[in-house]
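> The listed protein sequences derive, respectively, from chains C and R. With the numbering used here applied, the first sequence corresponds to residues 912 to 1178, in that order. With the numbering used here applied, the second sequence corresponds to residues 912 to 1178, in that order. Just so it is clear, CB atoms sit at the ideal spot from N, CA and C, and this is done for glycine as well. Owing to the predicted nature of the structure, the values given are computational and were not obtained by experimental measurement. Dropping the structure in here first, questions after.
Protein chains: 2
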Amino acid sequence: MKSGKTEVIGVLGGCGPQAGLVLVDQIFRHTKASADQEHLPLLLSSIPAQITDRTAFILGKTTQNPAKAIAGLILQLESAGATVVGIACNTAHSPVIFDSITEILLTRKSKVKLLHIVEETVSFLRDNFPQVKKVGVLCTEGAYKTKLYETVLKDHGLNVINPGEHFQRNYVHRCIYDPEFGIKACSAPVRPEAKELLHNIISYYKAEGAEALILGCTEFSIALTAEAIDDIPIIDSTKVLARALVREACVEKLVDYKFSTDNVHVQ
Amino acid sequence: MKSGKTEVIGVLGGCGPQAGLVLVDQIFRHTKASADQEHLPLLLSSIPAQITDRTAFILGKTTQNPAKAIAGLILQLESAGATVVGIACNTAHSPVIFDSITEILLTRKSKVKLLHIVEETVSFLRDNFPQVKKVGVLCTEGAYKTKLYETVLKDHGLNVINPGEHFQRNYVHRCIYDPEFGIKACSAPVRPEAKELLHNIISYYKAEGAEALILGCTEFSIALTAEAIDDIPIIDSTKVLARALVREACVEKLVDYKFSTDNVHVQ
Chain C
912 MKSGKTEVIG
922 VLGGCGPQAG
932 LVLVDQIFRH
942 TKASADQEHL
952 PLLLSSIPAQ
962 ITDRTAFILG
972 KTTQNPAKAI
982 AGLILQLESA
992 GATVVGIACN
1002 TAHSPVIFDS
1012 ITEILLTRKS
1022 KVKLLHIVEE
1032 TVSFLRDNFP
1042 QVKKVGVLCT
1052 EGAYKTKLYE
1062 TVLKDHGLNV
1072 INPGEHFQRN
1082 YVHRCIYDPE
1092 FGIKACSAPV
1102 RPEAKELLHN
1112 IISYYKAEGA
1122 EALILGCTEF
1132 SIALTAEAID
1142 DIPIIDSTKV
1152 LARALVREAC
1162 VEKLVDYKFS
1172 TDNVHVQ
Chain R
912 MKSGKTEVIG
922 VLGGCGPQAG
932 LVLVDQIFRH
942 TKASADQEHL
952 PLLLSSIPAQ
962 ITDRTAFILG
972 KTTQNPAKAI
982 AGLILQLESA
992 GATVVGIACN
1002 TAHSPVIFDS
1012 ITEILLTRKS
1022 KVKLLHIVEE
1032 TVSFLRDNFP
1042 QVKKVGVLCT
1052 EGAYKTKLYE
1062 TVLKDHGLNV
1072 INPGEHFQRN
1082 YVHRCIYDPE
1092 FGIKACSAPV
1102 RPEAKELLHN
1112 IISYYKAEGA
1122 EALILGCTEF
1132 SIALTAEAID
1142 DIPIIDSTKV
1152 LARALVREAC
1162 VEKLVDYKFS
1172 TDNVHVQ
């Protein structure tokens, strides 16, 4: 957390492009500014062709770790002036990818402060909803298999609902990746089939007793913007990362967080 | 128009930040892609503190021409890999600013292809709506005073409705710049007072016999997303620039244009 120094926010987008855009939008929304010039300096890199699919790598469908491309693009952002960077993709934070990114940055003597979307999201949940004990996480197959959220949530003493492999693959993952209607293929607007899957996913987690839901894939932030569904708070990892980037760049400009039940979606 | 070569789109945002974001969003929407990796490489620079207000300079409220900062940021985008660049601000295309930008780029031996939002928008109008003869332009005070659209439209044999200084200042310009409710200060969501002004502006141009309306300030693209109002087509300069950038980067990926009356706003 810095103050009085000019930090430049770097957003590593492109995985997917729309998710990078949503992160930038959230950064602007969480910045106190009444004129153009009061907004924070920001650079967005969206070079998707270089970044192999994170889940495809984790599932062994490709041997090419996207870490190398992501680290290269972070170094480019640093050359262009970025000092504090966020990656707009949860699955890229799976240890098998993220640890390799930080290793490359270390080798290349990068001075960039790279935030961790999962650590930030779980800390945010703990700080703002201390009563929550049981959590449902909406994430990709790659994040699920590598227990990305599960590990961090357990470290904080929280219980995670395990939807099982079948449900995870055919509902949660499919909602993002279906080639016909998944959010990655069709995000503007999100297709009714994806919305229907999302409805089923939420009903499932509610029935399983979830006290909070984490949107643990940046694509879900596009499809679900409510702050709560019925009385269950929705923790959007993209919003949390946006707030963390503003905090690191200039804490005085961070818009106060207030959980508002105005934006509640009733199923 | 290039094909088969990797071009990198550079977006000069930050003036204002939200307008830069809307341009990037439109680039993604006008790109044929069914997976992350199929999207075009893109870099966004949003460093607003460096860029003095364009209209303030044109009106003589500051002697600092924003051209120097804009050109410097375009050169940074070029260093980072950008080959074709668009500026997400109409007023920055006023000759007193734009000519200075191109001069600096020439002196610095920049190879970047810099598109011109006004030239693109007027060409688009002529190509797609050849029957239109009388046009209303929604723009800033700076663009109005420098006859930014008027000159190019007249060059193409089109008539421009002149709203007069009073209406331009107290309705059109104010809708963008009012410190309490203008689109620059409050864009997420756009405030009812700004919407009310916008409603009045459109009614005025309709009464004056406009056959098309040009959204000639990127801020209006945030507030008005309809393709037509009643039977008057809305030509959104941000969408046109987005299409031009995709065309220059990879014409095969440009989504076909089809004027759709599905998205018509009835006043």
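(1) Taking C-beta to C-beta, are Leu932 of chain R and Phe939 of chain C nearer than 8 Å?
(2) Anyone know if the C-beta pair for Gly1053 of chain R and Ser1005 of chain R falls short of 8 Å?
(3) To test your reading of the DSSP string, which unbroken beta strand (DSSP E) runs of 3 or more residues are found completely within the segment 950 to 1036 of chain C?
(4) What residues are listed by DSSP as bridge partners for Pro1144 of chain C?
(5) Find out if the Cβ-Cβ distance for the pair Ile1140 of chain C, Ile1094 of chain C is shorter than 8 Å.
(6) Tell me whether the beta-carbon of Ser1182 of chain C lies closer than 8 Å to the beta-carbon of Leu1126 of chain C.
(7) Thinking C-beta only, is Cys1086 of chain R closer than 8 Å to Leu1108 of chain R?
(8) Name the DSSP bridge partner or partners of Thr942 of chain C?
(9) If you compare alpha carbons, which of C:Lys1169, C:Thr1002 and C:Ala1155 is closest to Ala967 of chain C?
(10) Would you say Lys913 of chain C reaches chain R, if we count a Cβ-Cβ gap shorter than 8 Å as a contact?
(11) Quick one: Cα of Lys979 of chain R to Cα of Val922 of chain R, how far?
(12) Mind pulling the chain R residues with CB within less than 9 Å of Arg1019 of chain C?
(13) At least one CB of chain C closer than 8 Å to the CB of Val1063 of chain R: is that the case?
(14) Give me the residue from R:Val1166, R:Leu934 and R:Val1048 with the minimum Cα distance to Ile1072 of chain R.
(15) Tell me whether Asp1167 of chain C is buried or exposed, calling it buried when 16 or more other Cβ atoms sit within 10 Å of its Cβ.
(16) For the beta strand (DSSP E) containing Gly921 of chain C, name the first residue and the last one.
(17) Check this for me: beta carbons of Val1007 of chain C and Leu1016 of chain C, under 8 Å apart or not?
(18) Would DSSP call Gly1093 of chain R helix, strand or coil?
(19) For Leu1124 of chain R, write down the residues that DSSP places opposite it in a beta bridge.
(20) Which class does Asn1070 of chain R belong to by DSSP, given the choice of helix, strand or coil?
(21) Just the Cα atoms here: how many angstroms apart are Gly924 of chain R and Glu949 of chain C?
(22) Indicate whether at least one CB of chain R lies closer than 8 Å to the CB of Gln929 of chain C.
(23) For His1084 of chain C, collect the residues of the same chain with a Cβ closer than 8 Å to its Cβ; drop the 5 residues on either side in sequence, then sort them by chain order.
(24) Of the residues R:Pro952, R:Ser956, R:Ala944 and R:Cys1000, which one's Cα is nearest the Cα of Ala930 of chain R?
(25) From the DSSP output, read off the bridge partner residues of Ser1098 of chain R.
(26) If you measure from the beta carbon of Arg1158 of chain C to each beta carbon in chain R, is any gap under 8 Å?
(27) Starting from the C-beta of Ile1012 of chain R, find all residues in its chain whose C-beta is less than 6 Å away, skip the five residues before and the five after it, and write them out in chain order.
(28) Measure the C-alpha to C-alpha separation of Gly971 of chain C and Asp964 of chain C and round it to an integer number of angstroms.
(29) Taking Cβ-Cβ distances shorter than 9 Å, what residues in chain R pair up with Ala1139 of chain C?
(30) Might you give, ordered along the chain, the residues of its own chain that have their beta carbon closer than 8 Å to the beta carbon of Pro928 of chain C, omitting 5 neighbours on each side?
(31) Answer yes or no: do Leu1064 of chain R and Val1046 of chain R have a C-beta to C-beta separation smaller than 8 Å?
(32) Between the segment 939 to 970 of chain C and chain R, which residues of the former have a C-beta closer than 9 Å to a C-beta of the latter?
(33) Quick one: what's got a C-beta closer than 7 Å to His1067 of chain C's C-beta in the same chain, skipping five residues either side?
(34) Within 10 angstroms of its Cβ, does Gln1079 of chain C collect 16 or more other Cβ (buried), or is it exposed?
(35) Could you tell me whether the Cβ of Ala1099 of chain C comes closer than 8 Å to any Cβ of chain R?
(36) Using C-beta distances below 6 Å, list every residue in its chain close to Thr973 of chain R, excluding the 5 sequence neighbours before and after it, in chain order.
Let me spell this out:
(1) yes
(2) yes
(3) 953 to 957 and 995 to 998
(4) C:Ala1139
(5) no
(6) No statement about residue 1182 of chain C is possible, as the shown extent of chain C runs from 912 to 1178 and does not include it.
(7) yes
(8) C:Leu1165
(9) C:Thr1002
(10) Low confidence applies here, because Lys913 of chain C scores a pLDDT of 43, under 50, leaving its location unreliable; read the following figure in that light. False, the Cβ-Cβ gap to chain R never drops below 8 Å.
(11) 17 Å
(12) Under the 9 Å cutoff, chain R gives no residues; its nearest Cβ is about 17 Å from Arg1019 of chain C.
(13) no
(14) R:Val1048
(15) exposed
(16) Ile920 to Leu923
(17) no
(18) coil
(19) R:Gly1047 and R:Ile1145
(20) strand
(21) 14 Å
(22) yes
(23) Thr966, Thr1051, Glu1052 and Tyr1055
(24) R:Cys1000
(25) R:Val1101
(26) no
(27) Ala978, Ile981 and Ala982
(28) 11 Å
(29) What Ala1139 of chain C touches in chain R: nothing, since even the nearest Cβ is about 19 Å away.
(30) Ser957 and Pro959
(31) yes
(32) Phe939, Arg940, Thr942, Ala944, Ser945, Ala946, Asp947, Gln948, Glu949, His950, Leu951, Pro952, Leu953, Leu954, Leu955, Ser956, Ser957, Ile958, Pro959, Ala960, Gln961, Ile962, Thr963 and Asp964
(33) Val1033 and Arg1037
(34) buried
(35) yes
(36) Thr963 and Ala967
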